[in-house]
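Some notes on the structure that comes next.
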Amino acid sequence: MRKILIVEDEKDMQEIYRDLFEGQAKYEVDIESGTMPALRKLTAKNYDLIILDIIMEPIAGDSFFVYLRSDNKTSSIPVLVVSVLGPEIMEKLRRVDHAFYMQKPVTKEKLFEKLDDIITG
Amino acid sequence: MASKREKQRSVEESERFLNDIFSGIQDGISVLDKNLNIIRVNHAMERWYAHAMPLSGKKCYEAYHGRSRPCEICPTRKTLQTGKLAYEVVPKIGPKGKIEGWLDLYSFPLIDRKTGKMEGVIEYVRDITEQRRIEAERDRLFNLSMDMMCIVGFDGYFKQINPAWHYILGWTEQELLSKPYLDLVHPDDKKATLAVQRSLTKGNKVAFFENRYLRKDGAYRWLSWTASPVQEEERSFAIARDITWQKNAQELIKKEHDFTAAVLNTVGALIVVIDPSGRIVSFNKACEELTGYKAKDAEGRRIWDFLLTKKEKTPVKHVFKDLVAGNFPNRHENYWIAKSGDRKLISWSNTAIVSSKGKVEYVIGTGIDITEQKRAENALKDSEERYRTLFENAQDVIYSVSAKDETITALNPAFEKVTGWRRNDWLGKAFLSIIHPDDLPVAIRTFQQALAGKTPKPYELRIRKRSGEYVQGEFTSSPQYERGEIVGEFGIGRDITERKRNELALIESREKLRLTMDHIPLHIGAIDKSGKFILWNKYSEKMFGYTQKEVTGKMPAVNVHEKLKDAVDVVRTAGKNSIYDKEVNLKHKDGHMIPAHLVVVPYRDPSGKIMAYYGFAEDITERKRAENELKETKERLEYILGATKTGIDVIDSDFNLRYVDPAWQRTYGDPFGRKCYDYFMGRKNICPNCGIPKALREKKTVVTEEILPKEGNRVIEVHTIPFQDSDGKWLVAEFNIDITQRKRIEEMKENLIRDVSHELKTPIANAKMAVEMGERAMASRDLGRILRAHKMVSENIDRTKNDIDTIMKAFALGQKQVLKKQRISIKKAMNEVLRVYMKEIKSKKLKIRTAFGPIADKLIADKANFRVILSNLIDNAVKFTDKGTITLTSSSKGKNIEISVSDTGKGMSRESLERIFERFYKASSAMPGVGLGIPICEQIVEKCGGSIEVFSAGPGKGTRVVVTLPKR
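As you go down the protein sequences, you meet chains A and B in turn. The opening residue of the first sequence carries number 717 in the numbering used here; numbering runs sequentially from there. The opening residue of the second sequence carries number 489 in the numbering used here; numbering runs sequentially from there.
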């Protein structure tokens, strides 16, 4: 089973993600509501993918992305940015190899398509 | 008869046997009568003095020293005088009176057993030329003696000692230097030593004075002294030699026997005769005493059966075999084990007695116990090695120069490091050529002193480096001896270039400091730990109005500061950061303030403790004035430019400036002969988006935007208008309009729209995804999930609606609005707002407390706006408080009413508090609301002429918002 870490601080979105990944056996999902707990998870476990929200406090998702890319342990984990912000946000990120983007709202179908793409492709 | 003849033969044989031993001994033996006539010598002596044969019948000094009179220093004469053993090292004189080598000469008194009178002297001579040569070699290289050398003060203290002292006596240098040397002298020798001491102070030289010195382990060592006083320096140079082992030998030979036996026994040397099977035939007195075995016990036994160590049995057997095989004489050293178990190291000279048939009959070993000597030698070897290490590793240059041709004979590796030359570049070269020409007199003088046997006082020379520069060296040198003759100069040089430079720099800096202190326009002061000035330079008098006299040691530093707090801050900061560096106001004696740049540094003692503070202050009144003037000019300029918001310039087709608005000229200077891109933009080429070529080409006005880097990146809109001058030449006129402000507003608008759109997008996206979730739940008929999704959808739609309302209000507030003046009861308004939130308050079980001052209820303001304020404050309080109390108060403060809303809720971080008035600021995007509540309140309150403040002690510690509004 592939392991996915979702970093999303909105309660509703967390619930929706939980619902989205329910009843499937392809992915094992951990959801963290902030960057600090996410970092703790990342040091303890190896993930195949990170789903990242951008508008977060106190550390915004883009800063978190920079951090992920600077740490050897996490620099090559693919990151899927899922945000209400437009695709221009990706231009602000550096070292966007292994970085992917989807704008909210996302449908279950589109999300899983993308995940398959990223992980198998 | 037969038995008598046999007895006779036996005596003859014994005589022959003794003679054989006597002759066979490798060391020289010479028997002299009381008049120094040689009576008998052994083969060794005959061999050494073959040129003076026959020896018997000649005077010793004649035969051995080639002299016509007795020698001045002669141990034999000493023995004849004293009847005691004497020892001396004497030169070995060759055929032409040349010194060929050196001999150890022991002279033993020859006493007639019957009369008890001294009949003559036995000289026991050992050739030590080789040993001496090695010693001389060592001395030449290291200039260190195995002897204990010292400088003794007339006050009875050692002034200087060499390491041999430590090695031989065991005391440290400190221990030896710290007490009168008499303390270490054997009680029985103190009197004699004191006498010698007195004699020295009178200028008499002392030679061969013997006394006993206490060794650290409690034993005494016999020392033989030679000392030479230098009266004007009130000290003596002395050399002491450890002669303990000789003294011991002396005791061994106190008893003598008959003529030959006496020779054999008296010499103090071990003599052992062994037959070819290894059995001991003869074992002399010395052997008995050394080993503890009686001759009768030892004779007949084989040496290796009881006298040798296990390890040495085989090597000694080999030596013995060699001797028996006819390879003699030889020498070797080995240990003998005494009966007591003590090991004695013995230096043997061996030879063999051969029968008339050429067969080895006996082997004769002559030995001397060198245990003590070896020990001392080993100790010395240590010091030699140390010295060698020192020589090789010394930072200082160690060298020697030959007296013969003034060439350098030795250099240590430090030479290469210091000078950059290779040692081979200079070994064998004349030493004067490496010395600075100006220093040659010193070099020559000191060299001559050394050659004259003196030790010159330390001196300085400049030595030419490979690079051609000179290195400053400090030198100590001394004569270098070889076989008692001065063969050159031995010296040590130290590179003091750096030290010299530092000395110079120090002198210079001190001088500079002194000049600086008094002449430069800078206050220099220092305060001690009590805070009072201990230094106050001349300029300080001028700057502060206080004279040195009234300040130094009296005035506290506080006096030059505006407040006590400032002075404390200066000292604290300087102590903490090791420097205080700020522009501050300092106080003149007359009370007026002086703008100054103040630097204060602490002065620490070596342990790091602050002892004082040094302060330097520059009066920056003038600079400040100039700065202010400049600022004013700039402001005026900006005002002019801002007012017109236009600047006009005229440029020709080659980008030459023809006219520039005078207002611009004040910023940019004289435009004459300059290109526009250089003048305005500081560029070397035409600007990339320049409108001039296009305007000239199309004969139409072109509008471009430029950023002016020389004016803080001011943004201007450039209208480039082409026109023809009276000569028909095309030019452009540029109208430059400042659009910085406009740009800023545009940017703000963009940000606002982006923020708003994000704020709105989030709940919409959430709602959309919740709908999809609901659909999935319906497919699986999960009722709970359906309801949850429904709730999420409706909540997010509400959020969107609220957000839109707030945003609309915010935009509405941006528009002009007429404020109504209405009578408002604060209490009533609050209750109305609270009613809206009752449901949530009840579900959270929050307590509401109100405290309204009676006269603080009435307010005249715009009712709608006031409600917006209250709604926002109460909304926030309810939203962010999960349990506890919300407190509403109003009170009268003069012309104002103060309204506060406090809660026991989430509170705010410092960062949040700072950003609370920013539009769309939310501590977390997960928070309900848009982030406009407080900014909207602020806007309304400001419009009403009031103020708003937000307090929180931190996250989890509640929030308090205080709104102050005028009563009417």
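We put the CB at the ideal spot given by N, CA and C, even for glycine.
- CA-CA distance, B/Asp671 to B/Lys678, rounds to 9 angstroms.
- CA-CA distance, B/Asp1078 to B/Ala1045, rounds to 16 angstroms.
- Contact note: A/Lys824 reaches chain B through Glu1260 and Arg1264, using a C-beta cutoff of 8 angstroms and chain order.
- For B/Met1280, at least one C-beta of chain A is nearer than 8 angstroms to its own C-beta.
- Straight across, the Cα-Cα distance linking B/Ala1258 with B/Pro1251 is about 10 angstroms.
- Spatial neighbours of B/Ser890 in its own chain (CB-CB distance under 6 angstroms, excluding positions within 5 residues in sequence) are listed in chain order as Thr897 and Gly976.
- Straight-line measurement puts the Cα of A/Phe781 at about 49 angstroms from the Cα of B/Phe1143.
- The three-state reading of DSSP puts B/Arg528 in strand, counting E and B together.
- The shortest C-alpha to C-alpha distance from B/Ala938 to any of B/Arg950, B/Ile922, B/Glu973 and B/Val959 is the one to B/Glu973.
- Of all residues in the stretch 798-820 of chain A, those with a C-beta nearer than 7 angstroms to a C-beta of chain B are Val800, Leu801 and Lys820, reading in chain order.
- Under the Cβ criterion (8 angstroms, minimum of three pairs), the stretch 1103-1117 of chain B counts as touching the stretch 1069-1084 of chain B.
- In the structure shown, A/Leu827 adopts helical secondary structure according to DSSP, grouped into three states.
- Considering only beta carbons, the part of the stretch 726-743 of chain A lying closer than 8 angstroms to chain B consists of Glu726, Lys727, Asp728, Met729, Glu731, Ile732, Asp735 and Leu736, in chain order.
- B/Thr1155 has its alpha-carbon roughly 32 angstroms from the corresponding atom of B/Gly1216.
- Between B/Ala1105 and B/Ala1084, the C-beta spacing is below 8 angstroms.
- Flagged as an interface residue toward chain B: A/Ile771, by a C-beta distance shorter than 8 angstroms.
- Contact between the stretch 1013-1020 of chain B and the stretch 914-931 of chain B is absent: fewer than 3 CB-CB pairs across the two stretches fall below 8 angstroms.
- By the rule that beta-carbons nearer than 8 angstroms mark a contact, B/Thr1447 does not touch chain A.
- Contact annotation for B/Met1396 against chain A: no contact, minimum CB-CB distance about 12 angstroms [criterion: below 9 angstroms].
- At a cut-off of 8 angstroms, the C-beta of B/Met1169 has no neighbouring C-beta in chain A.
- The criterion of a C-beta distance shorter than 8 angstroms is satisfied by B/Leu711 and B/Tyr701.
- The Cβ atoms of B/Val761 and B/Tyr887 lie no closer than 8 angstroms to each other.
- Residue-level contact check: B/Lys1256 touches chain A, since one or more beta carbons of chain A fall below 8 angstroms from its beta carbon.
- Shown here for B/Gly571: same chain residues with a beta carbon closer than 7 angstroms to its own, the five before and five after excluded, namely Pro597 and Met606 in chain order.
- Close partners of B/Thr1250 in chain A (Cβ separation under 7 angstroms): Val800.
- At least one beta carbon of chain A lies nearer than 8 angstroms to the beta carbon of B/Asn1284.
- Listed in chain order, the positions of the stretch 1044-1071 of chain B with a beta carbon within less than 9 angstroms of a beta carbon of chain A would be empty, since no residue qualifies.
- Not a single CB atom of chain A sits nearer than 8 angstroms to the CB of B/Ala1267.
- Here the alpha carbons of A/Leu827 and B/Asp1137 stand approximately 60 angstroms from one another.
- Cα atoms of B/Val1056 and B/Pro1176: separation of roughly 57 angstroms, rounded to the nearest angstrom.
- When the Cα atoms are used, B/Tyr645 and B/Gln685 turn out to be separated by approximately 11 angstroms.
- In this structure, the beta-carbon distance from B/Val1450 to B/Glu1399 does not fall below 8 angstroms.
- What B/Ala1253 touches in chain A, judged by beta-carbon distance under 7 angstroms, is Val800, Lys820 and Pro821, going in chain order.
- Minimum Cα-Cα distance from B/Glu698 among the listed residues B/Asp705, B/Leu682 and B/Tyr1027 corresponds to B/Leu682.
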